[in-house]
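Asker: So the sequence shown is numbered by the UniProt record's numbering: it starts at 1 and just counts up by one. First the structure, which I've put down as structure tokens, then a few questions once you've had a look.
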Amino acid sequence: MHGVMGVANAQRSLNIIRSITEFISQDQYKNIVPFFGVVNEAQTSRIGIDTITSFYIEMHDMMRNITGLGKGPFISVHDGFQPLERWVDFMPGSDRVALDSHPYFAFSETLDSSPLAQQVTRPCSRWGARFNGTMDTYGFAAAGEWSLAFNDCGLYLNGASSGYRYDGTLPSYTGPAIGSCDPWLDASNWDDTVKENLKQFALAHMDAFQNYFFWTWKIGASLATGKVNSPLWSYSHGLENGYMPTDPREAAGVCRNSNPRAGPLKPSQTSYVSQTIAAAVRSAHPFPPVSLADQANAAALPTYTATGTPVTMPAPTFASATASVGSGWVGGSGGWEGDYVPVQGCTYPDPWDAETASIPGACTGSRRRLVREPRMTPPPVAK
1 MHGVMGVANA QRSLNIIRSI TEFISQDQYK NIVPFFGVVN EAQTSRIGID TITSFYIEMH
61 DMMRNITGLG KGPFISVHDG FQPLERWVDF MPGSDRVALD SHPYFAFSET LDSSPLAQQV
121 TRPCSRWGAR FNGTMDTYGF AAAGEWSLAF NDCGLYLNGA SSGYRYDGTL PSYTGPAIGS
181 CDPWLDASNW DDTVKENLKQ FALAHMDAFQ NYFFWTWKIG ASLATGKVNS PLWSYSHGLE
241 NGYMPTDPRE AAGVCRNSNP RAGPLKPSQT SYVSQTIAAA VRSAHPFPPV SLADQANAAA
301 LPTYTATGTP VTMPAPTFAS ATASVGSGWV GGSGGWEGDY VPVQGCTYPD PWDAETASIP
361 GACTGSRRRL VREPRMTPPP VAK
């Protein structure tokens, strides 16, 4: 939602989110995918939180029209690299919108020069209170990405052949070097002490976050060395080599509950009760928005028209399978009949490179909010 194609790109995103929601909400998959991260790492410093809120309300209504209120996956919204506290009052009355954060030490502005043994409890002091506080004040929160990387030593982590801050080889880095990256690029040289410290480091992360996804499951071996050269980022490699816990439940209590939560999540934060997004919030965040951060008049920007055939995601097929894989479509329209498609006769700017493009004429579809506010399905009437 930035640049000349900002609104049109948001509309295309709604198409994709709708198709995925339709697929994962089928009976065959609804219990497998309970958490849907709809937009990864939106740059809210450029987009603006008010602008992206307009998109999120439209997306929320579309998804809940498909799933039904109180049904379907949690909608996971990334924190946009803003402090978790910034989102306390985000979309009050929504149906199970969770907050996702990606906390890493590797990308901290300043790397910690302390030995690994002195850093194993840092996740507790750095993030434990913040995640507990967010669960108390906002609702469900999760660390959607984290790793064991206490430094930035990992093959191509900073880009192809770009070097590292930790050893001072990153060209854009002007700070002091801390040490060599060589020991952290090859786990085959780690002794039992290093492995145990990393395991405790992992458990501290797990206890601090409580709800999380590790990034990532598997890093392949480098073609140049034949070894995994980003071992701090590979969960499977950690299991195979004894530096990741085999039972994440061991994490309970590692942080010693120094910043306990006030209580369990409210019913309205885990299921639909009777809440609704206030009319004032909706009117303050129309979709399409009135303006974008770099476009004062969003009404003049090119848009698509909702007259296309929706994309139905196919399920994989197997010759000997007997189970039903579903049709790819759970049945709801999401609030409109067709996908957003280009207006006939319009030549649009490149959707990936339109920051300074000229605004084309005659490239606007319907300007009204197309998604109906979700409503509870009335109970059946006895006859």
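All residues carry an ideal CB built from backbone N, CA and C; glycine is no exception. Quantities reported herein were computed from a predicted structural model and do not represent experimental measurements.
Which of helix, strand or coil does DSSP assign to Y164?
Answerer: Residue state, collapsed to three classes: coil.
Asker: Measuring CB to CB, does G70 end up less than 8 Å from S271?
Answerer: Closer than 8 Å, so yes.
Asker: Alpha carbon to alpha carbon, how far is residue 405 from G3?
Answerer: Residue 405 lies beyond the range of the chain shown here (1 to 383); nothing can be said about it.
Asker: What separation, rounded to the nearest whole angstrom, lies between the Cα atoms of M206 and T309?
Answerer: 43 Å
Asker: Assign K199 to buried or exposed, taking buried as 16 or more other Cβ atoms, counted over all protein chains shown, within 10 Å of its Cβ.
Answerer: buried
Asker: Using 10 angstroms around the beta-carbon of M1, count the other beta-carbons present and answer buried if the total reaches 16, otherwise exposed.
Answerer: buried
Asker: Could you say which of W233, A187, G68 lies nearest to T225 if we only look at CA atoms?
Answerer: Comparing Cα-Cα distances from T225 to each of W233, A187, G68, the minimum goes to A187.
Asker: Any heavy atom of the ligand MG within a distance shorter than 7 Å of the CB on P34?
Answerer: This structure lacks the ligand MG, and indeed carries no ligand of any kind.
Asker: Residue range of the beta strand (DSSP E) that T307 falls in?
Answerer: Per DSSP, the continuous beta strand (DSSP E) segment holding T307 begins and ends at 305–308.
Asker: Are the beta-carbon atoms belonging to F131 and A141 less than 8 Å from one another?
Answerer: yes
Asker: Measuring CA to CA, which of F318, S358, V311, A298 is closest to R12?
Answerer: V311
Asker: Given that a residue counts as buried once 16 or more other Cβ atoms are within 10 Å of its Cβ, and exposed if not, what is I75?
Answerer: buried
Asker: Are I277 and G93 closer than 8 Å when you measure CB to CB?
Answerer: yes
Asker: Roughly how many whole angstroms lie between the Cα atoms of L14 and M59?
Answerer: 7 Å
Asker: Can you tell me where the beta strand (DSSP E) with F35 in it begins and where it stops?
Answerer: 35–39
Asker: Could you pull out every unbroken alpha helix (DSSP H) segment of at least 4 residues lying fully inside the region 270–320, listed in chain order?
Answerer: 279–284
Asker: I need the DSSP call for V4, collapsed to helix, strand or coil.
Answerer: coil
Asker: Among A315, G331, L157, whose alpha-carbon lies nearest the alpha-carbon of V325?
Answerer: A315
Asker: When you compare only the Cα positions, how much space is there between W127 and W146?
Answerer: 12 Å
Asker: The alpha helix (DSSP H) with D50 in it runs from where to where?
Answerer: 49–67
Asker: Quick check on DSSP: helix, strand or coil for V341?
Answerer: Under the three-state reduction of DSSP output, V341 falls in the strand class.
Asker: For I24 and M313, what's the separation of their Cα atoms in angstroms?
Answerer: 10 Å
Asker: Tell me whether the beta-carbon of E109 lies closer than 8 Å to the beta-carbon of W329.
Answerer: no
Asker: Taking Q344 as the reference, give the member of W352, T305, E41 with the closest Cα.
Answerer: T305
Asker: For I52, which option in T134, V77, D136, E196 has the closest C-alpha, if you only look at C-alpha atoms?
Answerer: V77
Asker: What residue from T174, S268, G338 has the CA that sits closest to M91's CA?
Answerer: S268
Asker: Below 6 Å CB to CB, which residues in the same chain sit around G338 once its five sequence neighbours on both sides are set aside?
Answerer: A306, T307, G308
Asker: Which same chain residues, not among the five before or five after A202, have their C-beta less than 7 Å away from its C-beta?
Answerer: L148, M244, P245
Asker: Going by DSSP in three states, A202 sits in which element: helix, strand or coil?
Answerer: helix
Asker: Quick one: what does DSSP say Y29 is sitting in, helix, strand or coil?
Answerer: coil
Asker: Any idea what DSSP makes of R12, helix, strand or coil?
Answerer: helix
Asker: What residue from R282, D112, D136 has the CA that sits closest to Y166's CA?
Answerer: Residue D112 is the option with its Cα nearest to Y166.
Asker: Quick check on the burial criterion: 16 or more other C-beta atoms within 10 angstroms. Buried or exposed for W184?
Answerer: buried
Asker: Thinking C-alpha only, which one of T193, G154, V194 is nearest P182?
Answerer: As written in the sequence, residue 182 is Asp, which differs from the Pro given in the question. Looking at the Cα atoms, G154 is the closest of the given residues.
Asker: Give the single residue among S327, S274, F318, R256 whose Cα lies nearest to the Cα of A129.
Answerer: R256
Asker: Since S101 sits in a beta bridge, which residues does DSSP pair it with?
Answerer: A143
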